[in-house]
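Down below is the structure, laid out as structure tokens.
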């Protein structure tokens, strides 16, 4: 029930004003389960959307499968009056689209019949006729096959259809009419039927989905690893022997790598690593994708063509094993290749980028010796940046808010009119004023973007500083942190105990806890005092040593330092906006103040800002002691008339600097996931298409998912400039821009009509075509940031969400196909 | 026995292969001759790049255009996202695919040297991007050896972006310290010898002169053989077309600018240079202006001659400085000579070089420089002495160079010296001398407090010790 109650407020308050309170959650769930365009945030929402999309696809495939088999065996299409009607309905549908375009372009007047638009009426008639045609075909075809399960599905989907429409009508009847004079149209029975029909499609999909699951479960239980392995081995042998695929791919990779300098010259040393890593990842992706695209769709059609499949299917091999075995085989090749590419790439990076770091540092020393400190510092910064990129930094981000020059709180700073299309648009703070950018850390930081005025009810963000990992527990700061934390526990327990409302049992519990903590405080304090005196003693000894024993003094100082926690690092990359040139050559300065909000400890720094470099600030670990995982970082611009620009991700605490090699491997794991999805698509296409068509289909899926996915999104958002594909083509031929209205000539109207038929189909492709770039994490890797395993896990699930349905679809097709006939 | 149909087929295919292969031999021969005749071969246009060749091979046919379009869009996207390095890599890729498309070199070198460099705050980073822009267009030159446009673009970036930027004092120092020999050398247009230079204006001069020489040799984009070819999207020549006065004046401008920058602290922490060196550079500048003035242009309009034929008349800008020659010109020639000389401010430049190249000119400049340094250090007696000596020489010299004396540039420069001279005198408690040279320039100079942006002594004086905020700009002591 708690899950039902957590549904979006929208349903229960706006859509269902007339529905009884206790029914609302169920109705809301009904809508949510029915409408493919609605979902809820979080992992549950993702799963729900996936189930809905797969169900709808199941329905479409199931209906299309039966209709096509009915057409094939002449159960349908025997030129009865209904068949002629269906043909007429198709023409009628196209005419309805043309009519709508003619009305939109004002070539003809808008006609209404019984308060319904004429084009809607035509489309409705066409849909009804087509529905009847499909309906009659389905019944006859299923009756002929005498399959009980499919008859049950057929009955089930009709019940689902009735349920959906009844649900829509019920909602319409419960919704009160709009108040008289209101301009918002009411929710009538017509809306109820239209919505109900849409929801019923998903409900019908669930019925077919259930049928598919039942079918697949039976098959899955019979899958045996032995048979899978042998099919996999067969695929590997086939790919290696017949196509020499892995050898070709490795050779191409090596040849390209050997001549990279022909195509790729990194602009600056600082970004060499980023450019190389992204290029190598791209190269691996392309080579593997091309290999998989060519190998996988050819495999099954070849077997069928060469009749070798007869031998296989005559053995007790399940059809799903044929699919999965192949996938496992191809993925084994991909895995080996990924490992080979990884090793070669790492070696290549180590040689080139590592060499570049060493060369740059040597050059920096040379410049410094020549007294050219500007150049020397610049080179050192570049080498440092490059080293940064070749690591796996884990940024710990805070929540950013701003104070303006008068000290008033704002969500964003000043917009200086820069281009805002970048991924992280920056807002600015004015120099030498009270304007401040504040990053707040803590276990429960109020969400600045929550409009709730009551601070106690504001949504909370979890942005804790991992004090426990940043402070060594046995160091001076770690012990101090322990003491302060225990004191805080004692204080809050005492406050609670002093509350008159506290029960005696709770009070006893609190007293016990206070006593325990007092003992702990004593222990920690004495350890702290002991360590402190030890450090003081060593430092005093070091200070007392004469100048000629500097080495000994240094060693003592290092000894004392080892008893402290290592300082932590703040990394930041701000941009500079100058309103005047200022003194030529002078940098813009920032004041960075790190404040522990609990103890009030702070560290103040003034640093020159180097634009487009990672500016680093080392903060003593002591600031963190007793912070209860909270921290505040305040940044001000010190230079008069200048501005500093920042976004939330521009300043972070460096959690840890992981291993680049492991991170790069995760990048290639993303490529592996892409290859897995592509393999599933290739094998799926091979199950029912001849090899050239299967190859083209796989290429289409790859190109659409990898290159044109943003366009597909534009299709589905209907945000395409210049109309659909046909209208755009006309514009290109006529040298028209994307904005101007085109004169509604016959050609334009034809193009728009075709678009209006074509666009909805293209928009639905967004649910089928895998978004390959979503699986790609190479950008994070090339920027030198750590890729969390959780992200890899969710990407893995996403890849499976694509690969499994494709493979199951392939299995169903192969099962129903008469391969051995 | 009847041969199997397969064997027939094999035979026919084999024959076809032989015939087609055979046909390629005369075709290749013809193609090579045609390439030679029309001057169209890859090597004829510029340097052959293996990477470029491989890429073009991989993207055979129409795909190259599509890919290049996608790259251009991507480059603009990267620019918006401030991914400058990504932008540079993308742009490099475009040039690999279309190395003979001149606009990409011009457009993107400007993009790198001007638009990208301005986005970076530190002068050394700006310098890096300007250098990348110049290297980029120079690569364009190596791939398009006959394009005066790209040479002119190279020259302009050396001359203007390094020499006239707000940070030019620092940028010129970074250029001076740069050890990249290739970046700091040019092939002398007259001798064909590689010259290594320490000043960006010298590089600007070398490349400008090269572009002019190329035009004089009759080169332009459309090669001899291809003049009759109808291009779908022709690349018009932008620079050095007939009547392009500004184009031909640039070597003289660059040389003048170099001579001028020698006599002040125009490069960070490098003292000014006078004496023989300065005299000789001014003399070179004068020679360049003389060359420019002696070039024969053709009047824009047609004039009827004694036989009644219409023709254009020759015009030389230098005639404007020679009254006796000028008098003998036709009315039309006089009109164009005066108009173009005014347009180019020719008399001023030539007269200025003539004045500055003299021993007195350089000496006066040295005294002004030393006077200014003493004035800024508060050594007013030295300042007064130097200014007085300098102004006396200067007055005498400018008596002979009226064009220069009456020009606003000189009035501003000389006015500033006079103003400082008078102020130094006041510091010593002395009054203005009655015979103060250039007294008339004082009024304007008093009102003018704009510093010379290309002089370190004016722009980058030490910070005031009391300025609390780091980076605070201190007003130059005027």
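Residue numbers (the numbering used here), protein chains in the order written: chain A, 14 to 834; chain B, 31 to 508. For each residue, glycine too, the CB sits at the ideal point set by N, CA and C. Keep in mind that this is a model prediction, so the values were computed, not measured.
So which residues of chain A does residue i contact, with C-beta pairs closer than 8 Å?
| i | result |
| --- | --- |
| residue 152(B) | 391, 600, 623, 624 |
| residue 85(B) | 276 |
Helix, strand or coil: how does DSSP classify residue i here?
| i | result |
| --- | --- |
| residue 255(B) | For residue 255(B), the predicted model reports a pLDDT of 49, less than 50, meaning its position is unreliable; a value from the coordinates is still stated below. Here residue 255(B) sits in helix by DSSP. |
| residue 618(A) | strand |
| residue 703(A) | coil |
| residue 403(A) | coil |
| residue 625(A) | coil |
| residue 289(A) | helix |
| residue 347(A) | helix |
| residue 834(A) | For residue 834(A), the pLDDT reaches just 44, beneath the cut-off of 50, and the residue's location in the model is therefore unreliable, although a value from the coordinates is still provided. Residue 834(A) falls in the coil class under three-state DSSP. |
| residue 500(B) | In this predicted model, residue 500(B) has a pLDDT of only 37, less than 50, meaning its place in the structure is not dependable enough to derive any value. |
| residue 257(A) | coil |
| residue 815(A) | helix |
Out of the options, which has the shortest C-alpha to C-alpha gap to residue i?
| i | options | result |
| --- | --- | --- |
| residue 416(B) | 353(B), 298(B), 401(B) | 401(B) |
| residue 380(A) | 59(B), 220(B), 207(B) | 207(B) |
| residue 667(A) | 480(A), 99(A), 235(A), 38(A) | 480(A) |
| residue 204(B) | 394(B), 228(B), 48(B) | 228(B) |
| residue 406(A) | 583(A), 566(A), 282(A), 66(A) | 583(A) |
| residue 821(A) | 117(A), 164(A), 232(A) | 232(A) |
| residue 521(A) | 530(A), 510(A), 531(A) | 510(A) |
| residue 102(A) | 411(A), 146(A), 565(A), 131(A) | 146(A) |
| residue 294(A) | 499(A), 707(A), 792(A), 482(A) | 792(A) |
| residue 125(A) | 118(A), 107(A), 134(A) | 134(A) |
| residue 113(A) | 486(A), 722(A), 767(A), 503(A) | 767(A) |
| residue 379(B) | 118(B), 432(B), 425(B) | 432(B) |
| residue 243(A) | 318(A), 194(A), 329(A), 198(A) | 329(A) |
| residue 321(B) | 278(B), 299(B), 372(B), 122(B) | 278(B) |
| residue 585(A) | 727(A), 665(A), 644(A), 525(A) | 665(A) |
| residue 777(A) | 66(A), 44(A), 61(A), 47(A) | 66(A) |
| residue 317(A) | 764(A), 701(A), 808(A), 771(A) | 701(A) |
| residue 319(B) | 280(B), 343(B), 306(B) | 280(B) |
| residue 292(B) | 476(B), 436(B), 283(B), 303(B) | 303(B) |
| residue 299(A) | 786(A), 817(A), 58(A) | 786(A) |
List the residues of chain B that residue i touches, going by C-beta distances under 9 Å, in chain order.
| i | result |
| --- | --- |
| residue 606(A) | Result: empty, since nearest Cβ-Cβ is about 16 Å, beyond 9 Å. |
| residue 277(A) | 81, 119, 122, 123 |
Can you name the residues of chain A whose CB is closer than 7 Å to the CB of residue i?
| i | result |
| --- | --- |
| residue 197(B) | 597, 598 |
| residue 158(B) | 281 |
| residue 162(B) | 280 |
Which chain B residues sit within Cβ distance under 8 Å of residue i?
| i | result |
| --- | --- |
| residue 589(A) | 151 |
Can you determine whether any heavy atom of the ligand PLP sits closer than 8 Å to the C-beta of residue i, and answer yes or no?
| i | result |
| --- | --- |
| residue 149(B) | Absence of the ligand PLP from the depicted structure is noted, as is the absence of any ligand whatsoever, leaving it without description. |
Can you pull the chain A residues whose beta carbon is under 9 Å from the beta carbon of residue i, in chain order?
| i | result |
| --- | --- |
| residue 207(B) | 380, 383, 385, 387, 388 |
| residue 126(B) | 275, 276 |
| residue 200(B) | 387, 597, 598 |
| residue 490(B) | 596, 597, 598 |
Query raised in the report: Any contact of the segment 680 to 691 of chain A with the segment 621 to 641 of chain A, i.e. 3+ C-beta pairs under 8 Å?
Result: no
Query raised in the report: Any residues in the segment 365 to 397 of chain A with a beta carbon nearer than 7 Å to a beta carbon of chain B? Which ones, in chain order?
Result: 385, 387, 388, 391
Query raised in the report: Which of the residues in the segment 105 to 126 of chain A, read from start to end, lie with their CB under 8 Å from any CB of chain B?
Result: Flagged: no residues at all.
Query raised in the report: Of all the residues that make up the segment 394 to 419 of chain A, which are near chain B by a beta-carbon distance shorter than 7 Å?
Result: none
Query - Sufficient close CB pairs (3 or more, under 8 Å) joining the segment 178 to 190 of chain B to the segment 234 to 243 of chain B - result: yes
Query - Members of the segment 284 to 310 of chain A near chain B, C-beta cut-off 9 Å - result: Under the 9 Å Cβ criterion, the segment 284 to 310 of chain A contributes 284, 285, 287, 288, 291, 292.
Query raised in the report: Using a beta-carbon distance cut-off of less than 9 Å, what residues from the segment 560 to 575 of chain A approach chain B?
Result: Residues: none.
Query raised in the report: Between the segment 656 to 680 of chain A and chain B, which residues of the former have CB atoms less than 8 Å from a CB of the latter, in chain order?
Result: Contact residues of the segment 656 to 680 of chain A toward chain B are absent (C-beta to C-beta distance below 8 Å).
Query raised in the report: Are three or more beta carbon pairs between the segment 551 to 565 of chain A and the segment 110 to 117 of chain B nearer than 8 Å?
Result: no
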